[in-house]
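Numbering (my numbering), first residue to last: 117 to 523.
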């Protein structure tokens, strides 16, 4: 049995990065021979097996042939006569098409190591264009490795652009788009995911709501970067600095979608963008099958982020009502995540990346003060229905007012 370590494990090993999981390719075997040797079959579309002891994935060498549009339109051929080179060439990028023997010998038939040293993402062959998911994968690699100086080869960018023009990305299913976005949000430089898609004209097809923000101006006094698209990318990067929560990062990404709907005659101002964006976000989350926890926080941040920024100017009653709407008085709530996303928005401006955000401490303290009021007398009294809620609200407003005065 010829076994080779392949793909991302080899790439990250050469980059001296932690190898999180290892994939292996097997040459010269059949599904029957793998089972006889104790491997457990798990592949649905092609022969993949789990090692009986390590439980790592071992795939039989295979070739693929395009038979229909989209990323599922492939016929797979796996047999003992498929060579290692034939298996590697079906992969997407040169840096992902290297293999390594158990003795550590590198096998690099398509120039992956030189491209790795030059920090270049380059497709292996024209067959790259047969799978639209590869556009998303390249964008995700940009988010993961962009901080190391990786750039996209011009010929690969042009090929990706031709795939968009040919309509290949139209066959991407929402679940796969969300899966790649989810992974990209967790990378070190998530904005690179969107810039890469924009550079090959795929952003408008896949995330039209985000694409529509580029070219929309904002007041230079508050937004030195002016362009709303650039602003949300800066917000996303700040969210990545502030929090590992993907929900926070997603909320920062989409909080200003309403600015894409502002009439041009009102530019660079965006009156009511906080509420105008809500139905856009609802439709986006529905289309991409975004989990409810992501959607809920994003809607809150969109609707209340300007309130949060103006916390020191607001009345105690307005702060109390906002905190109630955010669920801040519940034992388990998302107020810390809300505040982090708002802070990312405040810092997502050119030259203001390290600005202090005391609003977060003010609102956190106000929430604690309001949540700690003793409501037992009201709950056990003679008030009924809505009168109970209003009485508790007044108590909380008083507690918030006293907290603000003490501050």
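The beta-carbon is built from N, C-alpha and C at its ideal position, and this holds for glycine as well.
Determine the direct distance from the alpha carbon of residue j to that of residue i, and round the result to whole angstroms.
i, j, result
"residue 281", "residue 404", "22 angstroms"
"residue 339", "residue 456", "19 angstroms"
"residue 501", "residue 507", "11 angstroms"
"residue 228", "residue 124", "11 angstroms"
"residue 144", "residue 118", "7 angstroms"
"residue 370", "residue 381", "23 angstroms"
"residue 79", "residue 207", "There is no way to answer for residue 79, as the model of the chain reaches only from 117 to 523."
"residue 363", "residue 198", "44 angstroms"
"residue 139", "residue 217", "12 angstroms"
"residue 150", "residue 170", "15 angstroms"
"residue 343", "residue 271", "28 angstroms"
"residue 412", "residue 395", "13 angstroms"
"residue 493", "residue 417", "34 angstroms"
"residue 341", "residue 347", "7 angstroms"
"residue 323", "residue 275", "20 angstroms"
"residue 222", "residue 131", "13 angstroms"
"residue 317", "residue 273", "10 angstroms"
"residue 358", "residue 298", "17 angstroms"
"residue 398", "residue 209", "35 angstroms"
"residue 335", "residue 465", "12 angstroms"
"residue 129", "residue 166", "22 angstroms"
"residue 505", "residue 491", "10 angstroms"
"residue 157", "residue 142", "13 angstroms"
"residue 373", "residue 155", "50 angstroms"
"residue 499", "residue 388", "37 angstroms"
"residue 286", "residue 435", "44 angstroms"
"residue 168", "residue 152", "11 angstroms"
"residue 196", "residue 175", "12 angstroms"
"residue 528", "residue 337", "Since the first residue shown for the chain is 117 and the last is 523, residue 528 is missing from the structure and cannot be characterised."
Report all residues from its chain with a CB closer than 6 angstroms to the CB of residue i; omit the five preceding and five following residues, and keep chain order.
i, result
"residue 288", "248"
"residue 202", "179"
"residue 345", "329 and 330"
"residue 423", "438"
"residue 147", "163"
"residue 211", "127, 228, 231 and 232"
"residue 269", "236 and 238"
"residue 444", "451 and 483"
"residue 467", "340"
Considering only C-alpha positions, which residue in the set the options is nearest to residue i?
i, options, result
"residue 392", "449, 344, 376 and 406", "376"
"residue 349", "239, 399, 387 and 460", "460"
"residue 305", "335, 355 and 325", "355"
"residue 487", "325, 279 and 447", "447"
"residue 133", "378, 264 and 449", "264"
"residue 290", "421, 401, 267 and 325", "401"
"residue 420", "497, 441 and 204", "441"
"residue 485", "519, 153 and 453", "519"
"residue 379", "332, 260, 372 and 250", "332"
"residue 390", "406, 383, 415 and 410", "415"
"residue 244", "219, 260, 277 and 406", "277"
"residue 259", "300, 293 and 250", "300"
"residue 255", "302, 430 and 283", "302"
"residue 205", "196, 320 and 240", "240"
"residue 226", "200, 220 and 219", "200"
Can you give me the Cβ contacts of residue i inside the same chain, cut-off strictly under 7 angstroms, excluding the 5 residues immediately before and after it?
i, result
"residue 433", "513"
"residue 489", "511, 512 and 515"
"residue 352", "306, 307, 365, 368 and 369"
"residue 111", "Because the chain spans 117 through 523 in this model, residue 111 falls outside it and cannot be assessed."
"residue 262", "305 and 308"
"residue 121", "138, 140, 215 and 216"
"residue 224", "214"
Over what stretch of residues does the alpha helix (DSSP H) that includes residue i continue unbroken?
i, result
"residue 477", "475-487"
"residue 293", "290-301"
"residue 325", "324-327"
"residue 251", "249-261"
"residue 133", "Per DSSP, residue 133 belongs to no alpha helix (DSSP H) and is neither H nor E."
"residue 74", "Limits of the chain in this structure are 117 at one end and 523 at the other, which puts residue 74 out of reach."
"residue 149", "147-152"
"residue 465", "Unbroken run through residue 465: none, as it is neither H nor E."
"residue 170", "Premise fails: residue 170 is in no alpha helix (DSSP H) and is neither H nor E."
Got a sec: is the Cβ-Cβ distance from residue i to anything in chain D below 9 angstroms?
i, result
"residue 314", "This model lacks chain D altogether; it includes just one protein chain."
Note the first and the last residue of the continuous beta strand (DSSP E) segment covering residue i.
i, result
"residue 165", "164-166"
"residue 118", "118-122"
"residue 176", "173-176"
"residue 141", "139-143"
Keeping to the same chain, check which residues put their C-beta closer than 8 angstroms to that of residue i; ignore five residues upstream and five downstream.
i, result
"residue 257", "209, 237 and 266"
"residue 478", "427, 428, 520 and 523"
"residue 253", "208 and 296"
Restricting to runs no shorter than 4 residues, where is the alpha helix (DSSP H) found entirely within the segment 485-522? 492-495 and 502-522
Which full runs of the alpha helix (DSSP H) of 4+ residues lie inside the segment 202-238, going along the chain? 228-234
May I have a chain-ordered list of the alpha helix (DSSP H) segments no shorter than 4 residues that lie completely inside the segment 346-391? 362-370
Which residue spans inside the segment 383-461 form an unbroken alpha helix (DSSP H) run of at least 4? 389-392, 394-404, 408-425 and 432-441
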